[in-house]
Each structure stands twice: as C-alpha cells, then as structure tokens.
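Data block below; observations after.
Number of protein chains: 2
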Amino acid sequence: MTSAASSPIEFYFDFSSPYGYLAARIIDAEAAELGRKVTWRPFLLGAVMKQTKAEPLLTIPIKGDYARHDLARAARYYDIPFVVPPQFPFASIAACRAFYWLNGTDPAKARDFALFLYERAFLAGKDISKPDSVLEAASDAGLDAAAMALALQDPAIKELLKAEVDKAIKKGVFGSPFFLVDGEPFWGHDRIAEVREWLRKGGW
Amino acid sequence: MTSAASSPIEFYFDFSSPYGYLAARIIDAEAAELGRKVTWRPFLLGAVMKQTKAEPLLTIPIKGDYARHDLARAARYYDIPFVVPPQFPFASIAACRAFYWLNGTDPAKARDFALFLYERAFLAGKDISKPDSVLEAASDAGLDAAAMALALQDPAIKELLKAEVDKAIKKGVFGSPFFLVDGEPFWGHDRIAEVREWLRKGGW
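Line by line, the protein sequences give chains B and S.
If you're matching positions, the first sequence starts at 1 in UniProt numbering and goes up one per residue.
If you're matching positions, the second sequence starts at 1 in UniProt numbering and goes up one per residue.
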C-alpha cells in the first residue's frame, strides 16, 4: 500500500501540447526534489475539448498570439530549446497507444519513449502524428517497432487508451499539462511552483 | 517623460472576474514592493470573448469545476475572503463607465471605487451589475451618485469606455486579470510571481 506522502504525482499531458512538452522536460526532476515519483499519463485532449468546447490554443485569436509569446518566454526561462512543429496541432492517438502498450510491461520505458516523442516533435520539429511516424521514432529509439505496429492495431490497446481518457475526464482533467498531487488538481506548467509549495506546506 | 524603469504596471480586469478580484486585492502592494505604481484598467471581457469565442469560465463543463476549486484555494492562500455572488456572471458595463468617469478627474478615487465595487460583489455577494446598483454603491462609498448617474448616460463616457476596450484588445489583452509590464504581457493572477521575477531579472 502506498501512503499519501509517497504517492506519485500524476502527470497528464497530450503529445501535441507544447506546454505539456515543457512540463515533461522538468517534472521528474522537480518531483524528485520533493521526494516524489511521477506517473506519466498521456491522454487525448481533443476528447475533453469536445466537452469543454475549447479550440486548439494556438489557433485562437489574440489568446493564441499570447500563448506563442508565453511559450517562447517559458522555454527561455527553463532554457529548454523549443519549436512549434510545421504541422500543428497534430493527432496524438498513435503516440498514446504506443505509450500504453509499453506501459503495460515497463512504465520506465514508456516514460522514456514519451519524452523521446515529445522531443522529436517540439525539439526536432518532426512529425509524430501518424502511426508510421511513431513506429519510425520507436525504431530510432531502439524499440521493437514490429511488435509496436501490431500493438497499435490491437483492440485491447485501443480500449485501454479509451479507458485512460475516460478516467482522466472523470478525474476532472481538462488541460495539458495537468497534475494530480494526492488528488489535488493543478492545471498548467506554470503551477509547478504552487505544487512545490503545496507539498512543502502540506496544503492550505 | 516616464522611464521604462518607473512605468506603472497596467492592470487589466473585468469587474465580473473573480480572479480579477483576487488580483485587485494584492496588486498594489505587490507592485509597491517592486517600486512600481499600478494603472487600473477595467475593460469588458465579454467584448474580447466574442473574438476568442470563449465562454464564461465558471459555466464551462469540467474546467468550471476546477476554476471554482482553484479560486477557493487561491483565496485561502492569500487569506482573502471570497464568495461567488448569487447572480454570476454579471454585466460590468455600468461599473466600467463609473470607473472611467471618476478616472478622468481622479485616478486614485477611481481605483478606490473599483476595489469597493469588487469587494461589494465578491466579498459581500451584492449586485453591481445594474446602473442603479453601481449608484447605490457610489452613495455608500460617499461619492456623488447624482453626478455619476448623469455620467453613466453621457455619450462621451460611453465612447471613452469603448475606446479603452478597443485599446485593450489592440494590446492583446484577452483575460482577467492581465498585466502589462513595460509592454510585456502576463495573463492570470497566478503570474504575479513571474512578474516579480521578470522585474528583478530585467526580463529573460
């Protein structure tokens, strides 16, 4: 049994979310300083956005311009190289399925591949939207792309992802990145400092 | 001529924005610590939301629930008493016109009345949406409600507010609260710590 004090931070993100990418680059180190591990939980933001009626952030008038400016500013602040990939926003369902397939047997490997995919998109500006692009990435990462190709078609993996997305929505996750810390919700990469303070103080 | 180093922080807010209320309660003290003054700039978020196609925050599924939770958490953090008024969201055009009328002759008085209105709504839970409610508040605040009643009908004041809203949109303001610090945009009460760091470091 895991006590609350050592429960991992649940880190929800969409592979097509640039703010999620920034969070992915720093969350494990931040959590380690707080004596916590991190459970990585990719989900499909698009499924939630149907319910919240949100539009893709960077395409929204005025707010999208701010987000571009803010993203670049945040990337400079953390000293994290960052590009918006040529095709953006992009589908992240194949990346998610690959993740949960890996996660079933080796969560650490799934986490490493998630970061690998994120960097491929937001550091190298490459496509990770299509199943073939994800398999190519898997191959580059030294993973078994042939086995992954089968997994991406596996109805059980499709169901698993669907269940994870439903669970995320049920937990109130509606943005990326989104953190659950002992059940307490924090939305946004810019709330990591608040998570830190929350854990230091034991809440308020 | 005002040098950049002493330029006031421009504080944009909508009178019906609970996060704006929280910011209004703390921004002057925060700015004073940074050696800055604050220019208060109420605007009509609804006018911008037509362009960004945003819905009133607390009415959005899932996200609205988070916002209620987050608002209460932020209010506890700052130790600021806070209620969501019975009728919410509400119109803020009369409050804005009253503000800019006062602001024309006495910005400090306008600022004080803005905070008075905000506390009336989000501390006492009273209505500030109708011209009569704003005039009643003015009377309670010891202001000349009769003169304000005329001002609320004055086409010049209506035009002035319209121009202020247009200016805000042109500057990229799309949320409440929103801060412009030497032209650098920061959205959200939760970015005040970032504003502090930005000024301390001279940007990045």
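From the three backbone atoms N, C-alpha and C, an ideal C-beta is built for every residue, glycine too.
Nothing here was measured: the structure is a model prediction, and the numbers come from that model.
- Does any C-beta atom of chain S lie closer than 8 Å to the C-beta of Pro61 (chain B)? Yes, its Cβ sits closer than 8 Å to a Cβ of chain S.
- Task: Give me the Cα-Cα distance between Leu117 (chain B) and Ala74 (chain B), rounded to the nearest whole angstrom.
- Result: When only Cα atoms are considered, Leu117 (chain B) and Ala74 (chain B) end up about 20 Å apart.
- 8 Å Cβ cutoff, Val48 (chain B) in contact with chain S: Output row for Val48 (chain B): interface = yes.
- Task: With 8 Å as the threshold, decide whether the Cβ of Ile169 (chain S) is near any Cβ in chain B.
- Result: Yes, Ile169 (chain S) counts as interfacial toward chain B.
- Task: Please classify Ala95 (chain B): does DSSP put it in a helix, a strand, or coil?
- Result: Here Ala95 (chain B) sits in helix by DSSP.
- Between B:Arg200, B:Gly203, B:Gly188, which lies nearest to Gly20 (chain B) when the distance is taken from Cα to Cα? Here the closest residue by C-alpha is B:Gly188.
- Message: Against chain S, does Ala98 (chain B) count as a neighbour if the rule is that its beta carbon must be under 8 Å from one of theirs?
- Response: Not one beta carbon of chain S lies nearer than 8 Å to the beta carbon of Ala98 (chain B).
- Item | Residues of its chain near Val48 (chain S), where Cβ-Cβ distance is below 6 Å and the 5 sequence neighbours each way are ignored | Only residues of its own chain outside the window of five on either side were considered, and among them Ile169, Phe174 have a CB closer than 6 Å to the CB of Val48 (chain S), listed in chain order.
- Of all the beta strand (DSSP E) runs that stay within the bounds of the region 37-104 of chain S, which reach a length of 3 or more residues? You should have 38-42.
- Task: Would you kindly report the start and end of the unbroken beta strand (DSSP E) that includes Phe174 (chain B)?
- Result: Following the DSSP letters along the chain, one finds Phe174 (chain B) in no beta strand (DSSP E), marked with neither H nor E.
- Query: For a contact meaning CB atoms closer than 9 Å, what does Lys53 (chain S) contact in chain B?
  - Reply: Per Cβ cutoff of 9 Å: Lys53, Glu55, Ile60, Pro61.
- Task: Over the uninterrupted beta strand (DSSP E) stretch that includes Phe13 (chain S), give me the two end residues.
- Result: In the DSSP assignment, Phe13 (chain S) falls within the beta strand (DSSP E) that extends over 9-13.
- Item | Short-range partners of chain S found in the region 143-174 of chain B, where Cβ spacing is below 9 Å | Residues Ile169, Gly172, Val173, Phe174.
- Interface positions of the region 182-193 of chain S facing chain B (Cβ-Cβ less than 9 Å), listed along the chain: Residues Glu184, Pro185, Phe186, Trp187, Gly188, Asp190, Arg191, Ala193.
- Going by CA-CA distance only, name the one from B:Asp140, B:Pro42, B:Arg25 that's closest to Ala95 (chain B). Closest in C-alpha terms to Ala95 (chain B), from the list B:Asp140, B:Pro42, B:Arg25, comes B:Pro42.
- Query: Roughly how many whole angstroms lie between the Cα atoms of Ala124 (chain S) and Glu55 (chain S)?
  - Reply: The alpha-carbon atoms of Ala124 (chain S) and Glu55 (chain S) are separated by roughly 25 Å.
- Measure the CB-CB distance between Tyr66 (chain B) and Gly142 (chain S) and report whether it falls below 8 Å. Against a cut-off of 8 Å, the Cβ pair of Gly142 (chain S) and Tyr66 (chain B) comes out as no contact.
- Message: Report the CB separation of Arg76 (chain S) from Trp204 (chain B) in whole angstroms; it is logged as a contact under 8 Å.
- Response: Their Cβ separation, rounded to whole angstroms, is 5 Å, which keeps Arg76 (chain S) and Trp204 (chain B) in contact under 8 Å.
- Can you list the residues of chain S that Tyr12 (chain B) reaches, using a CB-CB cut of under 7 Å? At a beta-carbon threshold of 7 Å, none of the residues of chain S lie near Tyr12 (chain B); the nearest stands roughly 12 Å away.
- Message: Within the continuous beta strand (DSSP E) that includes Trp187 (chain B), where are the two ends?
- Response: Unbroken beta strand (DSSP E) run through Trp187 (chain B): 184-187.
- Message: Between which residues of its own chain and Ala31 (chain B) is the CB-CB distance below 6 Å, once the five residues before and five after are set aside?
- Response: The answer, listed in chain order, is Ile9, Val38.
- Mind listing the chain S neighbours of Tyr66 (chain B)? Cutoff is C-beta to C-beta under 8 Å, in chain order. Contact of Tyr66 (chain B) with chain S by beta-carbon distance below 8 Å involves Gly172, Phe174, Pro185, Trp187.
- Query: Does the beta-carbon of Pro185 (chain B) have 16 or more other beta-carbons within 10 angstroms, so that it is buried, or is it exposed?
  - Reply: Classification of Pro185 (chain B): buried, given that the 10 Å Cβ count is 16 or more.
- Buried or exposed: Ala156 (chain S), going by 16 or more other Cβ atoms within 10 Å of its Cβ? Ala156 (chain S) is exposed by the Cβ-count criterion.
- Run down chain S in chain order and give the residues with a C-beta less than 8 Å from the C-beta of Ala77 (chain B). Residue identity check: residue 77 (chain B) is Tyr in the sequence provided, not Ala. From the beta-carbon of Tyr77 (chain B), the residues of chain S found nearer than 8 Å are Trp204.
- Message: Classify Pro86 (chain S): buried if its beta carbon has 16 or more other beta carbons within 10 angstroms, exposed otherwise.
- Response: Exposed, because fewer than 16 other Cβ atoms sit within 10 Å of the Cβ of Pro86 (chain S).
- The alpha helix (DSSP H) spanning residue 206 (chain S) covers which residue range? Given that chain S is displayed from residue 1 to residue 204, the structure contains no residue 206 (chain S) and the question cannot be resolved.
- Identify whether Leu143 (chain S) lies in helix, strand or coil by the three-state DSSP scheme. Leu143 (chain S): coil per DSSP, three-state reduction.
- Query: Looking at C-alpha atoms only, which residue of B:Leu44, B:Phe11, B:Ala23, B:Asp14 is the closest neighbour of Ala163 (chain B)?
  - Reply: Of B:Leu44, B:Phe11, B:Ala23, B:Asp14, the residue nearest in Cα terms is B:Leu44.
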